[in-house]
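Enquirer: Below: one structure in structure tokens.
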Amino acid sequence: MLGPEVKSPGVSWLQIGGCSQFKYECRQTNLLTPNAARDETARLEERRGIIEFHVIGNSLSQKSNKKILMWLVGLQNVFSHQLPRMPKEYITRLVFDPKHKTLALIKDGRVIGGICFRMFPTQGFTEIVFCAVTSNEQVKGYGTHLMNHLKEYHIKHNILYFLTYADEYAIGYFKKQGFSKDIKVPKSRYLGYIKDYEGATLMECELNPRIPYTELSHIIKRQKEIIKKLIERKQSQIRKVYPGLTCFKEGVRQIPVESIPGIRETGWKPSNKDKGKEVKDPDVLYNMLKNLLAQIKSHPDAWPFMEPVKKSEAPDYYEIIRFPIDLKTMTERLKNRYYVTKKLFIADLQRIISNCREYNHPDSEYCKCANTLEKFFYFKLKDGGLIEK
Numbered sequence: 001m002l003g004p005e006v007k008s009p010g011v012s013w014l015q016i017g018g019c020s021q022f023k024y025e026c027r028q029t030n031l032l033t034p035n036a037a038r039d040e041t042a043r044l045e046e047r048r049g050i051i052e053f054h055v056i057g058n059s060l061s062q063k064s065n066k067k068i069l070m071w072l073v074g075l076q077n078v079f080s081h082q083l084p085r086m087p088k089e090y091i092t093r094l095v096f097d098p099k100h101k102t103l104a105l106i107k108d109g110r111v112i113g114g115i116c117f118r119m120f121p122t123q124g125f126t127e128i129v130f131c132a133v134t135s136n137e138q139v140k141g142y143g144t145h146l147m148n149h150l151k152e153y154h155i156k157h158n159i160l161y162f163l164t165y166a167d168e169y170a171i172g173y174f175k176k177q178g179f180s181k182d183i184k185v186p187k188s189r190y191l192g193y194i195k196d197y198e199g200a201t202l203m204e205c206e207l208n209p210r211i212p213y214t215e216l217s218h219i220i221k222r223q224k225e226i227i228k229k230l231i232e233r234k235q236s237q238i239r240k241v242y243p244g245l246t247c248f249k250e251g252v253r254q255i256p257v258e259s260i261p262g263i264r265e266t267g268w269k270p271s272n273k274d275k276g277k278e279v280k281d282p283d284v285l286y287n288m289l290k291n292l293l294a295q296i297k298s299h300p301d302a303w304p305f306m307e308p309v310k311k312s313e314a315p316d317y318y319e320i321i322r323f324p325i326d327l328k329t330m331t332e333r334l335k336n337r338y339y340v341t342k343k344l345f346i347a348d349l350q351r352i353i354s355n356c357r358e359y360n361h362p363d364s365e366y367c368k369c370a371n372t373l374e375k376f377f378y379f380k381l382k383d384g385g386l387i388e389k
């Protein structure tokens, strides 16, 4: 448990510069592609030996290493300059405290940044204390690459949680590094181990041991490129031109996206909330609708709706009913595979009933047949699993 003299009051992080500085740094390093990840420059510089990362700390049990001590002094200076609100004596005490370690970023033999932290193996987490990169070396992805190296270091030591108190200027940075205000570590595990810093927000990062963090952005970039090429290849194979939709002229107000011919071939998929609501196999749907339509046509009260209304029997019918439909027309549509979804089929059935009610008197024999037939086909729809019971 931390004593009063080494409790850390939180993390401060110097804000990274704006877009103009970013473009300037890109031209200077000549390492970035137009869509480069934040840490790509740092990753390339590390491969070329321009920068190095070392976990260092002061030791009371081993002989002092001059290089390590010089780096610790360099870290103290970087933290002091970049975190002016932190007392210099306080920074010095924690940087040189044997209980704390620092992941140092070294360039040309000198320290240009680092993350000071304290590990609590028995509690299963690490507290991040200070985090900074010297001002003239910012906007190169060093901050992201530092954090990624720290994550991999902790995975090797089987510590999978980071905790830190971030002030208002640091929250954005930590969010980009995978930190969240949703704390999963039980309070009993960290209470008394880290100081409750007034005016700052406690944040947590859970590490996934299966992720190679220092290569993560590169992997994601490659995955996106592969997916893009697969989509382009799929689209190049789609050469069939489908005719325009005619259902709207026939009175249909809306149709499911999946019913548009050719839409699935483009790679479109329904959202998760819509999955399972529609019969996916077109042949299965066709046979279900064919069987249902045959039962409806054989119903004793289906006779008024078997064929289109003859003008000789109802001269004004087509003036009143804008979108006529009947069971014969539905049979033809079914044969032509018009009903690519159950919704289109149900809509036509319902239109037969609504057209009858609109044209005929409620007490007429036609409306009585419509009422009976409506109850019958909705019962069959439920029985066949086409609508919810």
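1 is the number of the first residue of the sequence shown in UniProt numbering; add one for each residue after it. Glycine included, every Cβ here is placed at the ideal spot set by N, Cα and C.
I'd like to know whether the C-beta atoms of Gly57 and Thr102 end up nearer to each other than 9 Å.
Expert: Within the sequence shown, numbered from 1, the residue matching residue 57 stands at position 57. Within the sequence shown, numbered from 1, the residue matching residue 102 stands at position 102. Closer than 9 Å, so yes.
Enquirer: Taking buried to mean at least 16 other C-beta atoms within 10 Å of its own C-beta, is Ala294 buried or exposed?
Expert: In the sequence shown, counting from the first residue as 1, residue 294 sits at position 294. Looking at its Cβ environment, which holds fewer than 16 other Cβ atoms inside 10 Å, Ala294 is exposed.
Enquirer: Quick one: complete alpha helix (DSSP H) runs, 4+ long, within the UniProt domain "N-acetyltransferase" (55 to 208)?
Expert: Those alpha helix (DSSP H) runs which fall completely within the UniProt domain "N-acetyltransferase" (55 to 208) and span 4+ residues are 66 to 82, 88 to 95, 142 to 156, 171 to 176 and 187 to 190.
Enquirer: Helix, strand or coil for Phe323, going by three-state DSSP, please let me know.
Expert: Position 323 of the sequence shown, counted from the first residue, corresponds to residue 323. DSSP places Phe323 in coil when its eight states are reduced to three.
Enquirer: So Glu365 is in the alpha helix (DSSP H); what residue range does that whole segment cover?
Expert: If you number the sequence shown from 1, residue 365 lands on position 365. Its alpha helix (DSSP H) spans residues Glu365 to Asp383.
Enquirer: From the DSSP secondary-structure annotation, give me the bridge partner or partners of Ile51.
Expert: Counting from one through the sequence shown, the residue named residue 51 turns up at place 51. Beta-bridge pairing links Ile51 to Lys107.
Enquirer: Return the first residue and the last residue of the alpha helix (DSSP H) that Tyr286 is part of.
Expert: In the sequence shown, counting from the first residue as 1, residue 286 sits at position 286. From DSSP, the alpha helix (DSSP H) with Tyr286 extends over Pro282 to Lys297.
Enquirer: So, at 7 Å on beta carbons, what are the nonlocal neighbours of Ile321 in its own chain, with the 5 sequence-adjacent residues on each side left out?
Expert: Taking the first residue of the sequence shown as position 1, residue 321 is located at position 321. Contacts found: Asn355, Glu358 and Tyr359.
Enquirer: Using the beta-carbon count (16 or more within 10 Å), is Ile352 buried or exposed?
Expert: As a position in the sequence shown, residue 352 is number 352, starting the count at 1. Classification for Ile352: buried.
Enquirer: Specify whether the region 223 to 232 and the region 47 to 55 touch according to this definition: at least 3 beta carbon pairs, one from each stretch, less than 8 Å apart.
Expert: Not touching, per the Cβ criterion.
Enquirer: Among Lys140, Thr164 and Val111, which residue has its Cα nearest to the Cα of Val129?
Expert: On the sequence shown, position 129 is the one that residue 129 refers to. The residue with the shortest Cα to Cα distance from Val129 is Thr164.
Enquirer: Would you say Val133 and Gly109 are within 9 Å of each other, going by their C-beta atoms?
Expert: As a position in the sequence shown, residue 133 is number 133, starting the count at 1. As a position in the sequence shown, residue 109 is number 109, starting the count at 1. Going by C-beta atoms, Val133 is not nearer than 9 Å to Gly109.
Enquirer: Per the contact definition of three or more C-beta pairs closer than 8 Å, is the region 197 to 208 in contact with the region 219 to 227?
Expert: No, because fewer than three Cβ pairs between the region 219 to 227 and the region 197 to 208 fall closer than 8 Å, the two stretches do not touch.
Enquirer: Taking 9 Å as the cut-off, decide whether the C-beta atoms of Asp301 and Cys247 are in contact.
Expert: As a first step, residue 301 must be located in the sequence shown, where it is residue number 301. As a first step, residue 247 must be located in the sequence shown, where it is residue number 247. No, the pair does not count as a contact, with Cβ atoms beyond the cut-off.
Enquirer: Excluding the 5 residues preceding and the 5 following residue 465 in the sequence, name in chain order all residues of the same chain whose CB lies nearer than 7 Å to its CB.
Expert: Since the first residue of the chain shown is 1 and the last is 389, residue 465 is not available in this structure.
Enquirer: Can you give me the start and stop residues for the alpha helix (DSSP H) that Phe359 sits inside?
Expert: Stepping through the sequence shown from its first residue, residue 359 is reached at position 359. Contrary to the premise, residue 359 reads as Tyr rather than Phe in this sequence. Note, Tyr359: alpha helix (DSSP H), Lys342 to Tyr359.
Enquirer: So, are the CB atoms of Pro121 and Ile159 less than 9 Å apart?
Expert: On the sequence shown, position 121 is the one that residue 121 refers to. On the sequence shown, position 159 is the one that residue 159 refers to. Yes; because the gap between Cβ atoms is below 9 Å, this pair is in contact.
Enquirer: CB-CB under 6 Å to Glu374, same chain, minus the five flanking residues each way: which ones, in chain order?
Expert: Residue mapping note: residue 374 aligns to position 374 of the sequence shown, counting from 1. For Glu374, where only same-chain residues beyond five positions count, the Cβ hits under 6 Å are Ile353.
Enquirer: Straight-line CA distance for Ala170 to Lys99?
Expert: Within the sequence shown, numbered from 1, the residue matching residue 170 stands at position 170. Within the sequence shown, numbered from 1, the residue matching residue 99 stands at position 99. Those two C-alpha atoms are separated by around 24 Å.
Enquirer: Taking only three categories from DSSP, how would you classify Val257?
Expert: Position 257 of the sequence shown holds residue 257. Reduced to three states, the DSSP call for Val257 is helix.
Enquirer: Do Arg189 and Gln138 have their C-beta atoms within less than 9 Å of each other?
Expert: What you label residue 189 is simply residue 189 of the sequence shown in a count that begins at 1. What you label residue 138 is simply residue 138 of the sequence shown in a count that begins at 1. No; because the gap between Cβ atoms is not below 9 Å, this pair is not in contact.
Enquirer: Whole angstroms is fine: what's the gap from Ile91's alpha carbon to Lys269's?
Expert: Residue mapping note: residue 91 aligns to position 91 of the sequence shown, counting from 1. Residue mapping note: residue 269 aligns to position 269 of the sequence shown, counting from 1. Near 54 Å, if we compare the C-alpha coordinates of Lys269 and Ile91.
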